[in-house]
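To start, the structure itself, in structure tokens.
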């Protein structure tokens, strides 16, 4: 209560009783209570509106940041598909070749739980050429 002690409140009450009079004092206290309630309500509304304005400003800033990131991603690589990229990298690692980001994704093939992956056409061609070169030169001692 505004840092007032009981003695100060009693002094103010005594002065009010003498100045206003015992007949009008209850009406004055009721009016003072209503005014205090209105002031508190107005202060609460002001604080709520102020907090809402701050929240909206922060949301606008976050929204602008998100839109900027989205524009950057769209401009950087319009055909970016992370699932296909990961699939190609895993497939390349399993097949033993270096991953290429420009290679189109091949459709997944169905394999059983015990199927051994078949060598790719590139691997078959390199194996065939190396065996052909060994047979032409003859066995090495």
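Numbering (the numbering used here), first residue to last: 66 to 206.
Heads up, the beta-carbon is just placed ideally off N, CA and C, and yes, glycines get one too.
Handout entry: C-alpha distance - residue 82 paired with residue 100, whole-angstrom precision
Key = On the chain shown, position 17 is the one that residue 82 refers to. On the chain shown, position 35 is the one that residue 100 refers to. Rounded to whole angstroms, residue 82 to residue 100 spans 19 Å at the Cα level.
Practice task
Could you tell me if residue 146 is buried or exposed, where buried requires 16 or more neighbouring beta carbons within 10 angstroms of its beta carbon?
Solution key: Taking the chain shown and counting its residues from 1, the one referred to as residue 146 is at position 81. Flag for residue 146 reads exposed.
Handout entry: For residue 150 and residue 157, the rounded distance between their alpha carbons
Key = Numbered from its first residue, the chain shown carries residue 157 at position 92. Numbered from its first residue, the chain shown carries residue 150 at position 85. Taking the straight line from one Cα to the other gives about 11 Å.
Problem - residue 92 - containing alpha helix (DSSP H), residue span - result: Position 27 of the chain shown, counted from the first residue, corresponds to residue 92. Taken as a continuous stretch (DSSP letters only), the alpha helix (DSSP H) holding residue 92 covers 90-141.
Handout entry: Sequence-distant residues of the same chain with beta carbon closer than 7 Å to residue 109, five excluded per side
Key = Reading the chain shown from its first residue, position 44 is the one you call residue 109. Once the five neighbours on either side are set aside, residue 109 has no close Cβ partner at all.
Problem - Local conformation of residue 147 per DSSP, three classes - result: Along the chain shown, read from residue 1 onward, the residue named residue 147 stands at position 82. DSSP places residue 147 in helix when its eight states are reduced to three.
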